[in-house]
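Enquirer:
Protein chains: 4
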Amino acid sequence: MRPKDFGAASSTESGDELWRHTQQLRVRYSETDQMGTFYNSRPLEWFECGRSEGFRALGLPYATLEERGLFFPLVEARVEYLGRAQYDDLLEMTSYFSWAGRARLKCRVEIVHAESRKPVVAGHTIHAFTDREGRAIRPPDWFHQLLKSALASSARL
Amino acid sequence: MRPKDFGAASSTESGDELWRHTQQLRVRYSETDQMGTFYNSRPLEWFECGRSEGFRALGLPYATLEERGLFFPLVEARVEYLGRAQYDDLLEMTSYFSWAGRARLKCRVEIVHAESRKPVVAGHTIHAFTDREGRAIRPPDWFHQLLKSALASSARL
Amino acid sequence: MRPKDFGAASSTESGDELWRHTQQLRVRYSETDQMGTFYNSRPLEWFECGRSEGFRALGLPYATLEERGLFFPLVEARVEYLGRAQYDDLLEMTSYFSWAGRARLKCRVEIVHAESRKPVVAGHTIHAFTDREGRAIRPPDWFHQLLKSALASSARL
Amino acid sequence: MRPKDFGAASSTESGDELWRHTQQLRVRYSETDQMGTFYNSRPLEWFECGRSEGFRALGLPYATLEERGLFFPLVEARVEYLGRAQYDDLLEMTSYFSWAGRARLKCRVEIVHAESRKPVVAGHTIHAFTDREGRAIRPPDWFHQLLKSALASSARL
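Residue numbers (my numbering), protein chains in the order written: chain Y, 5 to 161; chain R, 5 to 161; chain V, 5 to 161; chain C, 5 to 161.
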């Protein structure tokens, strides 16, 4: 995994980038299909790895948020398939996090071949906030506070 | 699986519905995640089952098309998550097939709870045509002919 | 799905077959890999579909058992890979249910090509009984009662 | 990923350990199920990552072997489920490679929690050798030569 790469998070307006995270992944054999490239649903699994590592890098591991009763189910996902990638290819994925309105989080993702930089996939997911029972809620104050201080810490680095 | 349900396919203009297909599926245990509902990448796997059965119902099994060297890789996918569905829930999925321009196929999909008709997922995939080596091609004449006569046969039913 | 096929369940001794269930399934595109056959972990997902449908056919849907707080996590799995199967191939899977000792359930499974009867996979899973928190428990009396009367009903059919 | 860990490979007799490889992995969200632990087929996907990295660490990337027309399909798999592991848990997996007879390769695998060392999964897979068309073959001479010199190099490290 590469070092964290945080953009300047000067604002928390909807649409502004809050932070970003870059990591590497290899295409698993189980992720290929008989067309010889990755199966079309795998990018959504990779996007989820990007969110996981992106939140961890910010100091807010997603598992901890779930333990506190905060869940981020998907509202919408979009994937553009830009190039092939085969078993064992080393890919680089960058996730860009921002607000989408006041109660939704957006993760935009770009995946390229790590060496050639040839694009493989672009896309995004949009997330609502829910409690443990799956009821839609506003992102709670404690989350806003945690996010704000995590962004402040990472900006100082 | 429910009987085929073909719309009136009076035209092959881009955007016009060519045919549609409805089928049922049950959420597998392997498709759930720890949030207690289906994992977010599963709908893309279900969409693919819809295309498979939709082509079979039309008399053009997808496996046969691949044997003749015609592949339909995804160019784009979009999923809207509209409601929860749990392990063993019986869902009903309808796939609507149309052209998207002259060289791309679009499959729009709606998934609802089979009994309550509550929406679960909506979305679409857009497909290019490629040969065995993954090179983009125009849909070949034999495919247009096969599709035309399959649509004519199904309209007579 | 084919009709239920119950063996004569004259006993509930460990090792004796309690009931069996046969169903059909098609290899999904998402289940293939670049070797052109099904990926090696898919049979465990199919085995789970066999347990699901086997319990439903007996009148004890697995989802209902989980709602009552009874879970059957795997203790052990074994898969023998006997033949290839490709995307869209129609397979027939038979699951044989028996006790393995007093507190474990065994599901033996055979998968063949539906038409040619050529073997594809054989194997088994062994299941413990746990409560909602994952603690190992003895199968509760209500489960023994339910199973006994379900087997009696199915034997009368 | 941790550094390679090669055992002393003094022999290539059936059953003797040829080499071993240890790596870390995190449980992905997509790998959980509604029981709150990893779904039962995921260990077979992890085992495959262990083989991939194990061969790469030895200097024989599996993708290269496939390019030369050598494939290692599974003949048999066995998984023992020894403990729970949740989303984001950090696991450590060690793969032990040996011959099983003259024409089969065996990979034994142990997975534990990286910190507590509590066992999660143990198991193995047994692999045949086939050509591109899936026909069983003896492991070719060039593979024996490659393996021998790779083992010799790694023993010198």
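Built from N, CA and C at the ideal position, the CB exists for glycine as well.
At 4 residues or longer, and completely inside the segment 75-134 of chain R: list those alpha helix (DSSP H) runs for me, N to C.
Expert: Segments of the alpha helix (DSSP H) lying fully in the segment 75-134 of chain R: there are none.
Enquirer: What's the C-alpha gap between residue 14 of chain Y and residue 22 of chain Y?
Expert: Mapped onto the first sequence, residue 14 of chain Y falls at position 10. Mapped onto the first sequence, residue 22 of chain Y falls at position 18. Annotation note: pLDDT 40 at residue 14 of chain Y (below 50); position unreliable, no value reported.
Enquirer: Restricting to Cα atoms, I'd like to know which of R:88, R:89, R:84 and R:79 is closest to residue 85 of chain Y.
Expert: In the first sequence, residue 85 of chain Y corresponds to position 81, counting from 1. It is R:79 whose Cα lies nearest to the Cα of residue 85 of chain Y.
Enquirer: Can you tell me whether residue 152 of chain C is buried or exposed? The criterion is at least 16 other CB atoms within 10 Å of its CB, across all chains shown.
Expert: Counting from one through the fourth sequence, the residue named residue 152 of chain C turns up at place 148. Residue 152 of chain C is exposed by the Cβ-count criterion.
Enquirer: Can you pull the chain R residues whose beta carbon is under 7 Å from the beta carbon of residue 34 of chain V, in chain order?
Expert: Taking the third sequence and counting its residues from 1, one reaches residue 34 of chain V at position 30. Near residue 34 of chain V (Cβ distances below 7 Å), the residues of chain R are 49 and 52.
Enquirer: With a threshold of 16 other CB atoms inside 10 Å of the CB of residue 107 of chain C, please say whether the residue is buried or exposed.
Expert: Looking up residue 107 of chain C in the fourth sequence gives position 103. Exposed.
Enquirer: Are residue 114 of chain Y and residue 126 of chain Y touching if we call contact CB-CB under 8 Å?
Expert: For the purposes of this step, residue 114 of chain Y is taken as the residue at position 110 of the first sequence. For the purposes of this step, residue 126 of chain Y is taken as the residue at position 122 of the first sequence. Result yes, Cβ atoms of residue 114 of chain Y and residue 126 of chain Y sit closer than 8 Å.
Enquirer: If you draw a straight line from the alpha carbon of residue 54 of chain C to that of residue 158 of chain V, how long is it in whole angstroms?
Expert: Counting from 1 along the fourth sequence, the entry for residue 54 of chain C is found at position 50. Counting from 1 along the third sequence, the entry for residue 158 of chain V is found at position 154. Their backbone Cα atoms lie some 45 Å apart in a straight line.
Enquirer: Which residue wins for smallest C-alpha separation from residue 143 of chain V, given the options V:66, V:40 and V:109?
Expert: Position 139 of the third sequence holds residue 143 of chain V. For residue 143 of chain V, the nearest C-alpha among the options comes from V:109.
Enquirer: CA-CA distance, residue 68 of chain C and residue 32 of chain C?
Expert: Here residue 68 of chain C refers to the residue found at position 64 of the fourth sequence. Here residue 32 of chain C refers to the residue found at position 28 of the fourth sequence. Their Cα atoms are separated by approximately 27 Å.
Enquirer: Determine which residues of the segment 77-110 of chain V have a Cβ less than 7 Å from any Cβ of chain R, and write them out in chain order.
Expert: The segment 77-110 of chain V vs chain R, Cβ under 7 Å: 91 and 92.
Enquirer: Given that residue 120 of chain Y touches chain C, what residues does it touch there, using C-beta distances under 7 Å?
Expert: Along the first sequence, read from residue 1 onward, the residue named residue 120 of chain Y stands at position 116. The premise fails here: residue 120 of chain Y is roughly 16 Å from chain C at the closest Cβ pair, so nothing lies under 7 Å.
Enquirer: Do residue 24 of chain C and residue 101 of chain C have their beta-carbon atoms positioned less than 8 Å apart in this structure?
Expert: To locate residue 101 of chain C, count along the fourth sequence from 1; it is residue 97. To locate residue 24 of chain C, count along the fourth sequence from 1; it is residue 20. Yes, the pair counts as a contact, with Cβ atoms nearer than the cut-off.
Enquirer: Assuming contact is defined by CB atoms lying nearer than 8 Å, are residue 37 of chain C and residue 56 of chain R in contact in what I supplied?
Expert: Here residue 37 of chain C refers to the residue found at position 33 when the fourth sequence is read from its first residue. Here residue 56 of chain R refers to the residue found at position 52 when the second sequence is read from its first residue. Not in contact: residue 37 of chain C and residue 56 of chain R (Cβ atoms no closer than 8 Å).
Enquirer: Would you mind working out which of V:128, V:26, V:18 and V:149 sits nearest residue 98 of chain V, comparing C-alpha positions?
Expert: On the third sequence, position 94 is the one that residue 98 of chain V refers to. Of V:128, V:26, V:18 and V:149, the residue nearest in Cα terms is V:26.
Enquirer: My output table needs one value for residue 34 of chain R: the three-state DSSP class, helix, strand or coil.
Expert: Position 30 of the second sequence, counted from the start, is the residue given in the question as residue 34 of chain R. In the structure shown, residue 34 of chain R sits in a helix (DSSP, three-state: H, G or I).
Enquirer: Is it right to say residue 20 of chain V is buried, meaning 16 or more other beta carbons lie within 10 angstroms of its own, or is it exposed?
Expert: The residue labelled residue 20 of chain V in the question sits at position 16 within the third sequence. So residue 20 of chain V counts as exposed.
Enquirer: Step through the CB atoms of chain C and report whether any lies within less than 8 Å of the CB of residue 138 of chain R.
Expert: Counting from one through the second sequence, the residue named residue 138 of chain R turns up at place 134. It does not: the Cβ of residue 138 of chain R has no partner Cβ on chain C nearer than 8 Å.
Enquirer: For residue 144 of chain C, which residues in chain Y fall below 7 Å Cβ to Cβ?
Expert: To locate residue 144 of chain C, count along the fourth sequence from 1; it is residue 140. Simply none; closest approach about 21 Å.
Enquirer: Cβ atoms of residue 30 of chain V and residue 82 of chain C: under 8 Å apart, would you say?
Expert: Counting from one through the fourth sequence, the residue named residue 82 of chain C turns up at place 78. Counting from one through the third sequence, the residue named residue 30 of chain V turns up at place 26. Going by C-beta atoms, residue 82 of chain C is not nearer than 8 Å to residue 30 of chain V.
Enquirer: How big is the Cα-Cα spacing for residue 89 of chain V and residue 130 of chain V?
Expert: Residue numbering aside, residue 89 of chain V sits at position 85 when the third sequence is read from its first letter. Residue numbering aside, residue 130 of chain V sits at position 126 when the third sequence is read from its first letter. For residue 89 of chain V and residue 130 of chain V, the distance between alpha carbons rounds to 25 Å.
Enquirer: Determine the closest residue to residue 121 of chain C out of C:51, C:112 and C:93, with distance taken between C-alpha atoms.
Expert: Mapped onto the fourth sequence, residue 121 of chain C falls at position 117. Here the closest residue by C-alpha is C:93.
Enquirer: For the alpha helix (DSSP H) containing residue 145 of chain C, name the first residue and the last one.
Expert: Residue numbering aside, residue 145 of chain C sits at position 141 when the fourth sequence is read from its first letter. Its alpha helix (DSSP H) spans residues 145-160.
Enquirer: List the residues of chain R that residue 61 of chain V touches, going by C-beta distances under 7 Å, in chain order.
Expert: The count along the third sequence starts at 1 and reaches residue 61 of chain V at position 57. None at all; the shortest Cβ gap to chain R is about 13 Å.
Enquirer: Check the Cβ of residue 42 of chain C against every Cβ in chain V and list those closer than 9 Å, keeping chain order.
Expert: Position 38 of the fourth sequence holds residue 42 of chain C. By Cβ distance, chain V contributes nothing, its closest Cβ being about 11 Å from residue 42 of chain C, past 9 Å.
Enquirer: Who does residue 21 of chain Y pair with in a DSSP beta bridge?
Expert: In the first sequence, counting from the first residue as 1, residue 21 of chain Y sits at position 17. Partner(s): Y:102.
Enquirer: In this structure, does DSSP put residue 26 of chain C in helix, strand or coil?
Expert: Residue 26 of chain C sits at position 22 when you count from the first residue of the fourth sequence. It is a strand residue.
Enquirer: Using alpha carbons as the reference points, say which of Y:132, Y:123, Y:65 and Y:87 lies closest to residue 91 of chain C.
Expert: Position 87 of the fourth sequence, counting from 1, holds the residue named residue 91 of chain C. Residue Y:65 is the option with its Cα nearest to residue 91 of chain C.
Enquirer: Please list, in chain order, all residues of the same chain as residue 73 of chain R whose beta carbon is under 6 Å from its beta carbon, the five residues on each side excluded.
Expert: Within the second sequence, residue 73 of chain R is the residue found at index 69, counting from 1. So the qualifying residues of the chain are 135 and 136.
Enquirer: Report the rounded CA-to-CA distance for residue 123 of chain C versus residue 87 of chain C, giving the unit in angstroms.
Expert: Here the question's residue 123 of chain C lines up with position 119 in the fourth sequence. Here the question's residue 87 of chain C lines up with position 83 in the fourth sequence. Each residue's alpha carbon lies about 6 Å from the other.
Enquirer: Label residue 58 of chain R either buried or exposed according to how many other C-beta atoms from any shown protein chain fall within 10 Å of its C-beta, with 16 as the threshold for buried.
Expert: Locating residue 58 of chain R in the second sequence gives position 54, counting from the first residue. Residue 58 of chain R should be labelled buried.
Enquirer: Check the Cβ of residue 45 of chain Y against every Cβ in chain R and list those closer than 7 Å, keeping chain order.
Expert: The count along the first sequence starts at 1 and reaches residue 45 of chain Y at position 41. Result: 45, 48 and 49.
Enquirer: Can you tell me the Cβ-Cβ gap for residue 133 of chain C and residue 51 of chain C, rounded? I've got them flagged as a contact below 8 Å.
Expert: Along the fourth sequence, read from residue 1 onward, the residue named residue 133 of chain C stands at position 129. Along the fourth sequence, read from residue 1 onward, the residue named residue 51 of chain C stands at position 47. Their Cβ separation, rounded to whole angstroms, is 18 Å, which puts residue 133 of chain C and residue 51 of chain C out of contact at 8 Å.
Enquirer: What residue range is occupied by the uninterrupted alpha helix (DSSP H) comprising residue 61 of chain V?
Expert: Position 57 of the third sequence, counting from 1, holds the residue named residue 61 of chain V. Segment 46-61, the alpha helix (DSSP H) holding residue 61 of chain V.
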